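Student:
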């Protein structure tokens with residue numbers, strides 16, 4: 006997926022396209038997670054779709070619960086969804102930052118390789 010250490014770093018335009026693809030994948034993960042959270046809150050707590058959106062978005066965004074769930078199923082769902090939301094945060098951060106970290110490290114290594122070729 007990424008260039009090998011012996012290859013030149015990507016051009017800025019190609020890197021921007023790679024980053025845009027990663028952001029698109031991360032956005033799909035967030036959208037699917039938000040839809041799942043909305044469905045869970047609507048089902049277990051019988052919330053309206055706007056209220057289910059509000060609850061799912063605040064938990065997924067890391068702000069916490071708006072109101073304490075009333076049903077046992079809602080409480081179980083809210084707890085599991087909160088754990089899932091923490092994992093989604095870590096995964097989405099990794100998806101978006103992976104190409105940036107790779108480019109930075111690759112450029113350092115590429116500079117190292119070019120110095121070795123000059124020394125020979």
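Numbering (our numbering), first residue to last: 6 to 125.
Idealized CB from N, CA, C, for every residue including glycine.
All figures in this text were calculated on a predicted structure; none of them were measured in a lab.
#1: With the cut-off set at 8 Å, would you say residue 41 and residue 82 are in Cβ contact?
#2: Classify residue 22 as buried or exposed, calling it buried when 16 or more other Cβ atoms lie within 10 Å of its own Cβ.
#3: In three-state DSSP terms, what is residue 104?
#4: Can you tell me whether residue 78 is buried or exposed? The criterion is at least 16 other CB atoms within 10 Å of its CB, across all chains shown.
#5: Within the chosen definition, does the stretch 46-55 reach the stretch 18-35 through at least 3 CB pairs nearer than 8 Å?
#6: Contact check, residue 97 vs residue 37 under 8 Å by CB: the rounded distance?
Tutor: With the structure as the only source:
#1: Cβ distance not < 8 Å, so residue 41 and residue 82 don't count as in contact.
#2: Exposed.
#3: In the structure shown, residue 104 sits in a helix (DSSP, three-state: H, G or I).
#4: If you draw a 10 Å sphere on the C-beta of residue 78, you find fewer than 16 other C-beta atoms in it, and that means exposed.
#5: At 8 Å Cβ cutoff, the stretches do not touch.
#6: With a Cβ gap of about 11 Å, residue 97 and residue 37 do not count as contacting.
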